[in-house]
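A short worksheet on the structure shown next.
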Amino acid sequence: MKNVILNLMAYEYWANQRVIGVLETTGNPPEKAVTLMAHILGAQDVWFNRMTNNPEPGVSWPQTPVTSLRHLAEKYYTNYTNWLVNLTNEELITVVTYRNLQGDGPFQNTMQDILLHLGNHSAYHRGQVIQLLKTVRDDVPATDYIVWKREV
31 MKNVILNLMA YEYWANQRVI GVLETTGNPP EKAVTLMAHI LGAQDVWFNR
81 MTNNPEPGVS WPQTPVTSLR HLAEKYYTNY TNWLVNLTNE ELITVVTYRN
131 LQGDGPFQNT MQDILLHLGN HSAYHRGQVI QLLKTVRDDV PATDYIVWKR
181 EV
């Protein structure tokens with residue numbers, strides 16, 4: 031499972047970089063598109079903090095300028111991969127107890143379920159970003175997993 035998740039993280043990084051590249055080169059990207067991309071990265075931060083017992087909760091909907099998105103994506107990818115390579119498959123089934131950002135809970139999920147959730151969450155919101163970008167550009171990138179597999 032660890033290799034599947036590391037593969038998913040590499041795909042996430044690739045897809046995020048493609049979308050961020052379009053946001054950076056769009057003169058005035060839709061504000062909602064920037065907000066959604068920042069949310070994808072903010073959620074990665076929130077969940078990383080939960081799984082690593084970091085007392086800082088993070089911000090799920092950060093106010094992030096386009097110029098900071100690439101740096102954040104690189105930072106979170108590095109954090110996740112450096113952390114994941116040191117985990118065993120057994121550690122991935124460790125249960126994480128947490129409260130959501132509204133304070134509801136406690137909830138419990140395994141690390142591997144959280145990491146798979148992150149991949150789905152990001153793909154969902156990247157799709158929304160792409161739809162918004164299509165209103166101002168014709169050249170939006172494909173971010174499908176299979177496209178990434180063809181390119182790597």
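The sequence shown maps to residues 31 to 182 in the working numbering.
All C-beta atoms in this analysis are idealised placements derived from N, C-alpha and C, irrespective of residue type, glycine included.
Quick caveat: nothing in here was measured; it's all calculated off a predicted structure.
**Message:** Less than 8 Å between the beta carbons of Y154 and Y107, yes or no?
**Reply:** Counted from its first residue, the sequence shown places residue 154 at position 124. Counted from its first residue, the sequence shown places residue 107 at position 77. No. Outside cutoff.
**Request:** Quick one: give me the first and last residue of the beta strand (DSSP E) that V184 is part of.
**Result:** Nothing about residue 184 can be read from this structure; the chain reaches only from 31 to 182.
**Asked** What are the boundary residues of the beta strand (DSSP E) that T140 is part of?
**Response** For this step, residue 140 is matched to residue 110 along the sequence shown. Looking at the DSSP string, the run of the beta strand (DSSP E) that includes T140 is F137 to T140.
**Prompt:** Any idea if P59 is buried or exposed, counting beta-carbon neighbours within 10 angstroms, 16 or more meaning buried?
**Reply:** Working through the sequence shown from its first residue, we reach residue 59 at position 29. With a threshold of 16 other beta carbon atoms within 10 Å, P59 meets it and is buried.
**Message:** Using a Cβ distance threshold of 8 Å, determine whether the segment 75-87 contacts the segment 170-179, with at least three qualifying pairs required.
**Reply:** Counting Cβ pairs under 8 Å, fewer than three are found: no touch.
**Message:** Looking at the secondary structure, which residues open and close the alpha helix (DSSP H) in which G51 lies?
**Reply:** On the sequence shown, residue 51 is found 21 positions in, with the first residue counted as 1. From DSSP, the alpha helix (DSSP H) with G51 extends over K32 to T55.
**Message:** At the 8 Å Cβ level, is T165 part of the contact set with chain B, yes or no?
**Reply:** In summary, chain B is missing from the structure at hand, where a single protein chain is found.
**Prompt:** Are I144 and V126 touching if we call contact CB-CB under 8 Å?
**Reply:** Along the sequence shown, read from residue 1 onward, the residue named residue 144 stands at position 114. Along the sequence shown, read from residue 1 onward, the residue named residue 126 stands at position 96. Yes, these two residues count as a Cβ contact at 8 Å.
**Complete beta strand (DSSP E) runs within the segment 81-136 (minimum length 3 residues, chain order)** = 125-128
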